[in-house]
Every structure is written in structure tokens, then in C-alpha cells.
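First residue of the sequence shown: 9, per the working numbering; consecutive thereafter.
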Amino acid sequence: MQLYLIPPEIGQGERAPARRSFRRSPSLSLTPDETRRLRAALRGIKARLGTWRDVSAAMGGVNTRTLYRVAGGAERGSPALVLLAARVAKTTVERLLSPGVVDASKCAHCGRSG
Numbered sequence: 009m010q011l012y013l014i015p016p017e018i019g020q021g022e023r024a025p026a027r028r029s030f031r032r033s034p035s036l037s038l039t040p041d042e043t044r045r046l047r048a049a050l051r052g053i054k055a056r057l058g059t060w061r062d063v064s065a066a067m068g069g070v071n072t073r074t075l076y077r078v079a080g081g082a083e084r085g086s087p088a089l090v091l092l093a094a095r096v097a098k099t100t101v102e103r104l105l106s107p108g109v110v111d112a113s114k115c116a117h118c119g120r121s122g
């Protein structure tokens, strides 16, 4: 038995509907200040570990191109990248993104000194 597919003469409309443009939710994006602090953190991690490949391995295989583009300012970064950077830096996300100088004599988790 042969099956013939005959296209319909009349469609559901003139054209296909226009696609919506992709726009990330502002609540899921980093602010310019947070992006700047992420860039500084990535540069600090690279200075400590040596190469972007070493940073990538420590972060669980993040693409090295992504890392150096975010650190160089060509890309904005993401909250997931902030989380991975905080894990590698052994600190919290809040401390990584907080403004001001970080006191190295205090615990990153509880704030206790000494």
C-alpha cells in the first residue's frame, strides 16, 4: 500500500508568527558592579593557579574561552560562574560580590577572627 502526502491548499494563516527575541530576566543577570567583581575574582584565581586551563579544571571544566572573555570584559558572566568562582576561591558568593576590601583575618563563613 502506498501512502501519498498531499500538502493542504490552505494553511492556518499568511505566515508563521514572528519569533520572540530572547531576553534574559533581569533577576537572573549580574549587575555591572557584580560583573566587575566577578572579573576581579577570576583574575585573582588565575594569578593563584597559573593558567586559564588550571582555572577551568578547578571549576569543573568551564570553557577556557568563556573564562578569559569574562575576565577581559567581553562577556558578562553568569550567577553559575560566580558560584563556581566562589567555590574555587573557598569563600561565599556574598563575600565574593560584596563591595570593599575583604579582611583576610576573618572566617569567610562565620566572620570569626583569629
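Heads up, the beta-carbon is just placed ideally off N, CA and C, and yes, glycines get one too. It should be emphasised that the depicted structure is a prediction, and the values quoted were computed from it without experimental measurement.
Local Cβ density within 10 Å of residue i, reported as buried at 16 or more and exposed below that
i: E102; result: exposed
i: S113; result: exposed
i: G58; result: exposed
i: S33; result: exposed
i: L36; result: exposed
i: L89; result: buried
i: R45; result: buried
Limits of the unbroken alpha helix (DSSP H) element including residue i
i: Y76; result: 72–80
i: K54; result: 40–57
i: A26; result: Here A26 belongs to no alpha helix (DSSP H), and DSSP marks it neither H nor E.
i: S35; result: Careful: S35 lies outside any alpha helix (DSSP H) and carries neither H nor E.
Presumed contact (8 Å Cβ cut-off) between residue i and residue j, rounded CB distance
i: A79; j: K54; result: 7 Å
i: T43; j: R77; result: Between R77 and T43 the Cβ distance is about 12 Å, and since that is not below 8 Å, they are no contact.
i: T72; j: R56; result: So it is not a contact: roughly 16 Å between Cβ atoms.
i: P107; j: L38; result: The Cβ separation is near 14 Å, so there is no contact.
At least 3 beta-carbon pairs within less than 8 Å: the region 91–101 vs the region 49–68: Counting Cβ pairs under 8 Å, three or more are found: they touch.
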